[in-house]
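Sequential numbering of the sequence shown, starting at 1, is according to the numbering used here. Data first, discussion second: the structure below is written as structure tokens.
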Amino acid sequence: MTTNAGDEADCRRHATALAYVCGHLAEMREMLGEQGEALLGRLEGALEDDAAEQDLAAVLDELHRALQRAGDAPGVYGYRLPFNAAGLSSLQIVYRCPLRRCAGFSRAEVTEFPPHCAISGGELLRERLV
1 MTTNAGDEAD CRRHATALAY VCGHLAEMRE MLGEQGEALL GRLEGALEDD
51 AAEQDLAAVL DELHRALQRA GDAPGVYGYR LPFNAAGLSS LQIVYRCPLR
101 RCAGFSRAEV TEFPPHCAIS GGELLRERLV
């Protein structure tokens with residue numbers, strides 16, 4: 001089976017959105033209240049159940065719209081991680097999602113060690129990019 005560029009772009013978009021969600025769970029819960037708890041619970045369940053990409057995308061889309069309605073215009077898709085593959089220097093340290101679903105974080109974004117996934121609670125995987 002071949003993967004088209006659109007599918008790969010969607011996967012990267014969702015991985016970046018998940019990294020943003022993981023880094024901002026507390027703010028989202030505060031902003032969205034009970035609705036946020038329900039949406040974030042569904043997102044956590046989708047990740048733990050290793051849901052299909054389209055199921056995960058549906059929950060992310062719903063969370064995105066809820067954040068926009070609450071006044072966060074960029075939602076989960078409007079923010080960009082401060083690094084991308086083209087902007088990484090050699091031997092860059094990054095921390096990857098233990099579920100291998102989100103884009104993870106650069107060393108500069110990690111504020112406590114060892115870093116943990118805000119959704120699964122698992123320790124982030126330290127990797128060196130060359």
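Positions of the beta carbon are idealized from the N, C-alpha and C atoms, including for glycine. Nothing here was measured: the structure is a model prediction, and the numbers come from that model.
Counting C-beta neighbours from all protein chains within 10 Å, is the total for residue i 16 or more, i.e. buried, or is it exposed?
i, result
"residue 45", "exposed"
"residue 105", "buried"
Whose CA, out of the options, lies closest to the CA of residue i?
i, options, result
"residue 69", "23, 32 and 111", "32"
"residue 58", "50, 43, 49 and 48", "43"
"residue 48", "121, 11 and 128", "121"
Using the Cα positions of residue i and residue j, report the straight-line distance between them to the nearest angstrom.
i, j, result
"residue 99", "residue 72", "27 Å"
"residue 78", "residue 36", "18 Å"
"residue 13", "residue 19", "10 Å"
"residue 96", "residue 102", "7 Å"
"residue 65", "residue 112", "30 Å"
"residue 53", "residue 16", "13 Å"
"residue 83", "residue 23", "For residue 83, the pLDDT reaches just 49, beneath the cut-off of 50, and the residue's location in the model is therefore unreliable, leaving the point undetermined."
"residue 85", "residue 11", "Note on residue 85: pLDDT 48, under 50, position unreliable in the model; no value is reported."
"residue 30", "residue 92", "33 Å"
"residue 60", "residue 76", "7 Å"
"residue 21", "residue 109", "14 Å"
Check residue i in the structure and name its three-state DSSP category.
i, result
"residue 116", "strand"
"residue 76", "coil"
"residue 18", "helix"
"residue 96", "strand"
"residue 126", "strand"
The beta strand (DSSP E) with residue i in it runs from where to where?
i, result
"residue 110", "Element bounds for residue 110: n/a, residue is neither H nor E."
"residue 62", "Counting along the chain, residue 62 falls outside any beta strand (DSSP E), though it belongs to the alpha helix (DSSP H) covering 53–69."
Since residue i is in the alpha helix (DSSP H), which residue starts that stretch and which ends it?
i, result
"residue 30", "25–48"
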